[in-house]
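Trainee:
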Amino acid sequence: MKRRKIKFALGLLGLSSFAIALSGCIFASHPQLNEGIKTSNIRTANVPNQQIAATPSVAISPSQKTDTVEKCSEAKAVMPSQKFKLRKCHSLDWRENKFILEQDNKEIGNWKAKFSLRFDAFEADLDGDGRQELIIAEHNATSNGLGVAYWTIYIFPDPSYPLPKPMQFETQEYGKLGTFVPDGDRFEVWTTEWKWIGETTGIIGQQWRYRNGELIPTDHPVLRRWLSFNFAAERSQTHHDPRVPYLWLANPKAQAYEENPLLQPYEITSIEDGTIQNVRNIRDVSDVNNNCHEKSNHDCKIVVDFNPDLGDPQSYIYDRKSNSNSLSISYFGDWSSRRIYPVSYLPSDPQKWLKDKRGKIITYADKYSTLRILWLTSNE
């Protein structure tokens, strides 16, 4: 695995924090919902294309759906139009949790939410095209021990009716200025994942550009910083800083790689070149022909029908945590840049991104596990 030295200009670290345009909190351990949420004391930074500002959050209160005891958080964005409002509703049946986006006090779309501790939402012009994207970050869980925070990120290119499908991915650790890092008139998107190699763990970070509902690889190196006593102390002191994880990786102790060190412990066991015939949604991982209805996409799994140049067609479930006997893909990757897309990454239009594209499925294995990546070899 190639590694190279890199120097950082740490000017971005002096930026003030993002203001919270929309924020909601629900604490699962508390028997009752808080009566209200404190107003953010973070002030808006003078960053181009960042038209957001701090605003008081409305108190959490039960909705009218008393049969499911649904409780919704609510917050209003401060934008030139002041027309968007986002709510997150929790039900006794966690499978019914959902986000609701409203425009001019009318619902324009909703999608499945997790039973999470909190969420953040704001608008920013990520690609510098003069139009604001709506970014929603949902806190899924925090691990015991190391205290890794798991987040799902949704990016809507045009929050209007009808609400388009968002681009989405998961990341381990999140901060407004550390996941979406201002860079001139646009932003870099930083995705991170903690990975054990042997008896040592470290955080791996990659930088992307956002464009047209997709993450675009950059020519920046992949970064890894090993967990040390000093780093552990630094994490403890800065884990609430909105500049993490950028703050942790823009450090002379971070190592730079031309290829993702995630694959270091693995050996290649098979390679299949071929064409992606189709992308489908299924509900039951034990039956790859059990299609999902469009309305239920957020409960579904993605299946990729792959036609290898040699051999019979195969259907692969896109599920990093799949423990079924079915074939599964853990990650997608961009072969030309050797970048591995973040966990659970899906662009806003998976069909356009994948269907009829050339790719290679590489299976990696170590003595503990097997990893399969679908590398896209042609995106034209």
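Positions -21 to -1, 1 to 359 (mature numbering (1 follows the signal peptide of the UniProt record, and there is no 0)) are the ones given, in order, by the sequence shown. Every residue gets a Cβ at the ideal spot worked out from N, C-alpha and C, and that includes glycine. If you're wondering where the values come from, they're calculated on a predicted model, not measured in any experiment.
#1: Could you spell out the range, first to last residue, of the alpha helix (DSSP H) harbouring residue 329?
#2: Fully enclosed by the segment 217 to 254, which beta strand (DSSP E) runs are 3 residues long or longer?
#3: Which of the three DSSP states, helix, strand or coil, is assigned to residue 93?
#4: Below 9 Å between beta carbons: does that hold for residue 87 and residue 102?
#5: Helix, strand or coil for residue 43, going by three-state DSSP, please let me know.
#6: The alpha helix (DSSP H) spanning residue 350 covers which residue range?
#7: On the premise that residue 119 lies in contact with residue 131, defined as a C-beta separation below 8 Å, what is that separation, rounded to the nearest angstrom?
#8: I need the DSSP call for residue 156, collapsed to helix, strand or coil.
#9: State yes or no: is the C-beta of residue 171 within less than 9 Å of the C-beta of residue 151?
#10: In the DSSP assignment, find the unbroken beta strand (DSSP E) run with residue 127 in it and report its ends.
#11: Closest to residue 50 by CA distance: which of 64, 78, 63 is it?
#12: What's the C-alpha gap between residue 224 and residue 291?
#13: Buried or exposed for residue 71, going by 16 or more other Cβ atoms inside 10 Å?
#14: Please work out which residues of its chain come closer than 7 Å, Cβ to Cβ, to residue 157, disregarding the five sequence neighbours upstream and downstream, and give them in chain order.
#15: Assuming residue 118 is part of the beta strand (DSSP E), what are its boundary residues?
#16: In angstroms, rounded to a whole number, what distance separates the CA positions of residue 201 and residue 85?
#17: What does the alpha-carbon distance come out to for the pair residue 261 and residue 287?
#18: Using the three-state DSSP reduction, which class does residue 257 fall into: helix, strand or coil?
#19: Three Cβ pairs or more, each shorter than 8 Å: is that satisfied between the segment 212 to 221 and the segment 242 to 259?
#20: Take residue 357 as the anchor and find which of 351, 165, 331 has the nearest alpha-carbon.
#21: I'd like the list of long-range same chain contacts for residue 190, defined as Cβ closer than 7 Å, with 5 residues on each side in sequence excluded.
#22: In whole angstroms, what separates the C-alpha of residue 250 from that of residue 324?
#23: Look up residue 286 in the DSSP assignment and say whether it is helix, strand or coil.
#24: Counting only runs that start and end within the segment 135 to 217, where is the beta strand (DSSP E) found for 3 or more residues in a row?
#25: Counting only the same chain and skipping the five closest in sequence on each side, list residues whose C-beta sits under 8 Å from that of residue 334.
#26: List the endpoints of the continuous beta strand (DSSP E) containing residue 313.
#27: Can you list, in chain order, the residues of its chain whose CB lies under 6 Å from that of residue 26, leaving out five sequence neighbours each side?
#28: Assign residue 239 to one of two classes, buried (16 or more other C-beta atoms within 10 Å of its C-beta) or exposed (fewer than that).
#29: Could you say which of 327, 252, 310, 306 lies nearest to residue 339 if we only look at CA atoms?
#30: For residue 247 and residue 342, I'd like the C-alpha separation in whole angstroms.
#31: By Cβ distance, which residues of its chain are closer than 6 Å to residue 203, with the 5 residues on each side in sequence left out?
#32: Which residues in the same chain as residue 167 place their Cβ atom closer than 6 Å to its Cβ, once the five residues preceding and following it in sequence are excluded?
Mentor: In short, the structure shows the following:
#1: In the sequence shown, the residue the question calls residue 329 occupies position 350. Its alpha helix (DSSP H) spans residues 329 to 333.
#2: Uninterrupted beta strand (DSSP E) stretches at least 3 residues long and entirely within the segment 217 to 254 occur at 234 to 236, given in chain order.
#3: Within the sequence shown, the letter at position 114 stands for residue 93. It is coil, neither helix nor strand.
#4: Here residue 87 refers to the residue found at position 108 of the sequence shown. Here residue 102 refers to the residue found at position 123 of the sequence shown. Their beta carbons are not under 9 Å apart, which means residue 87 does not touch residue 102 by this criterion.
#5: Along the sequence shown, read from residue 1 onward, the residue named residue 43 stands at position 64. Confidence in residue 43 is poor, its pLDDT being 35 and thus under 50, which makes the residue's placement unreliable; the coordinate value appears in the next sentence. Residue 43: coil per DSSP, three-state reduction.
#6: Your numbering for residue 350 matches position 371 in the sequence shown. Where residue 350 is concerned, there is no enclosing alpha helix (DSSP H), although the beta strand (DSSP E) it sits in stretches over 349 to 355.
#7: Walking along the sequence shown from the start, residue 131 turns up at place 152. Walking along the sequence shown from the start, residue 119 turns up at place 140. Cβ-Cβ separation between residue 131 and residue 119: approximately 6 Å, consistent with a contact (criterion under 8 Å).
#8: Stepping through the sequence shown from its first residue, residue 156 is reached at position 177. Residue 156 carries a helical assignment under DSSP once its states are collapsed to helix, strand and coil.
#9: The residue given as residue 171 occupies position 192 in the sequence shown. The residue given as residue 151 occupies position 172 in the sequence shown. In this structure, residue 151 lies closer than 9 Å to residue 171 by Cβ.
#10: Mapped onto the sequence shown, residue 127 falls at position 148. Neither: residue 127 is in no beta strand (DSSP E) and is coded neither H nor E.
#11: By one-based count along the sequence shown, residue 50 stands at place 71. Answer by Cα proximity: 78.
#12: Along the sequence shown, one-based indexing puts residue 224 at 245. Along the sequence shown, one-based indexing puts residue 291 at 312. Distance between the alpha carbons of residue 224 and residue 291 is about 43 Å.
#13: Stepping through the sequence shown from its first residue, residue 71 is reached at position 92. Around the Cβ of residue 71, a 10 Å sphere holds fewer than 16 other Cβ atoms; the residue is exposed.
#14: Sequence index remark: in the sequence shown, residue 157 carries index 178 (1-based). Around residue 157: 169, 221, 222, 223, 224, 225, 226.
#15: As a position in the sequence shown, residue 118 is number 139, starting the count at 1. Residues 112 to 121.
#16: Against the sequence shown, residue 201 aligns to sequence position 222. Against the sequence shown, residue 85 aligns to sequence position 106. Distance from the CA atom of residue 201 to the CA atom of residue 85, rounded to whole angstroms, is 43 Å.
#17: Mapped onto the sequence shown, residue 261 falls at position 282. Mapped onto the sequence shown, residue 287 falls at position 308. The alpha-carbon atoms of residue 261 and residue 287 are separated by roughly 22 Å.
#18: If you number the sequence shown from 1, residue 257 lands on position 278. Here residue 257 sits in strand by DSSP.
#19: With a cut-off of 8 Å, the segment 242 to 259 and the segment 212 to 221 do not count as touching, because too few Cβ pairs lie within range.
#20: One-based indexing of the sequence shown puts residue 357 at position 378. Measuring C-alpha to C-alpha distances from residue 357 to each of 351, 165, 331 identifies 331 as the nearest.
#21: Residue 190 sits at position 211 when you count from the first residue of the sequence shown. If we look at residue 190 and ignore the five residues flanking it on each side, its Cβ neighbours are 106.
#22: Mapped onto the sequence shown, residue 250 falls at position 271. Mapped onto the sequence shown, residue 324 falls at position 345. Approximately 22 Å, taken between the alpha carbons.
#23: The count along the sequence shown starts at 1 and reaches residue 286 at position 307. Residue 286 falls in the strand class under three-state DSSP.
#24: List check, beta strand (DSSP E) in window: 146 to 151, 159 to 162, 165 to 176, 179 to 190, 193 to 196, 201 to 205.
#25: Taking the first residue of the sequence shown as 1, we reach residue 334 at position 355. Hits under 8 Å: 255, 256, 257, 258.
#26: Here residue 313 refers to the residue found at position 334 of the sequence shown. In the DSSP assignment, residue 313 falls within the beta strand (DSSP E) that extends over 310 to 313.
#27: On the sequence shown, residue 26 is found 47 positions in, with the first residue counted as 1. Its pLDDT being 31, under 50, residue 26 is placed unreliably in this model, and the value from its coordinates should be taken loosely. Closer than 6 Å at the Cβ level, and outside the excluded window around residue 26, lie 161.
#28: Taking the first residue of the sequence shown as position 1, residue 239 is located at position 260. Of the residues assessed, residue 239 falls on the buried side of the cut-off, its CB having 16 or more other CB atoms within 10 angstroms.
#29: For the purposes of this step, residue 339 is taken as the residue at position 360 of the sequence shown. Out of 327, 252, 310, 306, 252 has the C-alpha closest to the C-alpha of residue 339.
#30: Position 268 of the sequence shown, counted from the first residue, corresponds to residue 247. Position 363 of the sequence shown, counted from the first residue, corresponds to residue 342. Taking the straight line from one Cα to the other gives about 6 Å.
#31: The residue you call residue 203 lines up with position 224 of the sequence shown. Only 181, 183, 234, 240 meet the Cβ criterion.
#32: Locating residue 167 in the sequence shown gives position 188, where the first residue counts as 1. The beta carbon of residue 167 is closer than 6 Å to those of 160, 186 in its chain, skipping five residues each way along the sequence.
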